[in-house]
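Residue numbers (this note's numbering): 642 to 994. Here the structure is laid out as structure tokens; the discussion comes afterwards.
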């Protein structure tokens, strides 16, 4: 995609910011309207149901894979240039961090991306949990928790200084990723029909997957035309949340895709909720819920940075380019979430919503 004409009018850093903002707005609107949430899907699964939340998650994941792999086949994007692929992956980080994140999102009643969307609608519980998530993520990235994260991540890493492309590693045909996405999409639509899910929610669930592909294509196109090296990335909420926190604490913060993404998601979800009349303040139900949510946010903040991404960053964005550690992290998030629901929530008769 040729964006040289845009670079003739807008500085590279400002254009990256605008691309992040655009991706975030699309993601925020679609996620708010579809109620996309990995936690909700894993809890449904843990309770022996393949209900509407599972349908939404599968459709989001599959459409992200379809759009991204389609863009790859059309030459609009190269997964090997993605920031996630260009660095050493951590198998140990994916396992330990994935399990921690999965447990944390059940305790906090939402993954980091879902918390941001809910915060935009007036959910004060999500505001508090989201801020704790961002602080702990920053501590794990550059603060006191960084040495522990680096040690755990270094226990078992991918060879060759790069992550592993599952399709290439398994010597699969070029269109395998696209074909797999289509198969999962068919399964998602079948589940949606069985659960009488409305077309509006399905369209917006697909929109979340489209936002992931949009971010990949926009940042890749910018990296090809820019004079300075720029990261090829897309929707994720661990690194960007930590960077957004530091944006307000440093004197001359840098502008990039990540800095545009977070406010874009908030703005998109806010506008969507306002149009639907769903803006209203919600707080904690009690002290025990506050402790639970805060502890869950801590687990998610450290777990996401250790796993190389959150439920969106690793689970959908990384999964769409078939980064091996992202798929392992996603699997461990499902396991951690399911175990936590079985051990913590189900014995107390807590509802899945």
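No residue lacks a Cβ here, since even glycine has one placed at the ideal position from N, Cα and C.
In the three-state DSSP reduction, residue 775 falls in the helix class (H, G or I). Within the same chain, Cβ atoms closer than 7 Å to the Cβ of residue 919 are found at 762, the five residues on either side in sequence being excluded.
Rounded to the nearest angstrom, the gap between the Cα atoms of residue 759 and residue 970 is 24 Å.
Excluding five sequence positions before and after residue 883, the CB atoms of its chain that fall closer than 7 Å to its own CB belong to 775, 778, 779, 782, given in chain order.
By alpha-carbon distance to residue 973, the top candidate from 941, 740, 794 is 740. According to the DSSP assignment, residue 810 belongs to the alpha helix (DSSP H) that extends over 807 to 810. DSSP, read as helix, strand or coil, puts residue 906 in helix. The Cβ atoms of residue 804 and residue 958 do not sit closer than 7 Å to each other. Between residue 710 and residue 754, the alpha-carbon positions lie close to 23 Å from each other.
Taking the Cα of residue 684 as reference, the smallest distance to any Cα among 857, 914, 748, 806 is reached at 748. For residue 818 and residue 720, the gap between their C-alpha atoms comes out near 12 Å. Residue 890 sits exposed, since fewer than 16 C-beta atoms from the chains shown fall within 10 Å of its C-beta. Assignment of beta-bridge partners to residue 731 by DSSP yields 798.
By the C-beta density criterion, residue 831 is exposed, having fewer than 16 other C-beta atoms within 10 angstroms. Apart from the 5 residues on each side of it in sequence, residue 931 sits with its Cβ closer than 6 Å to the Cβ of 925 in its chain, given in chain order. Residue 875 places its beta carbon less than 7 Å from that of residue 856. By DSSP's assignment, residue 964 forms a beta bridge with 806. For residue 825, the uninterrupted alpha helix (DSSP H) segment begins and ends at 817 to 835.
For residue 881, the uninterrupted alpha helix (DSSP H) run begins and ends at 880 to 888, by DSSP. With distances taken between CA atoms, residue 858 lies nearest to 713 out of 849, 713, 868, 656. Take residue 843, set aside five residues on each side of it, and the residues of its chain with a beta-carbon closer than 7 Å to its own are 700, 833, in chain order. Between residue 665 and residue 905, the beta carbon gap of about 2 Å places them in contact (Cβ cut-off 8 Å).
Of the residues assessed, residue 801 falls on the exposed side of the cut-off, its CB having fewer than 16 other CB atoms within 10 angstroms. Going by DSSP, residue 673 is part of the alpha helix (DSSP H) stretching over 653 to 675. Under DSSP, residue 923 takes part in a beta bridge, and its partners are 764.
By the criterion of a C-beta distance shorter than 8 Å, residue 851 is surrounded in its chain by 667, 671, 704, 705, 708, once the five residues flanking it on both sides are discounted.
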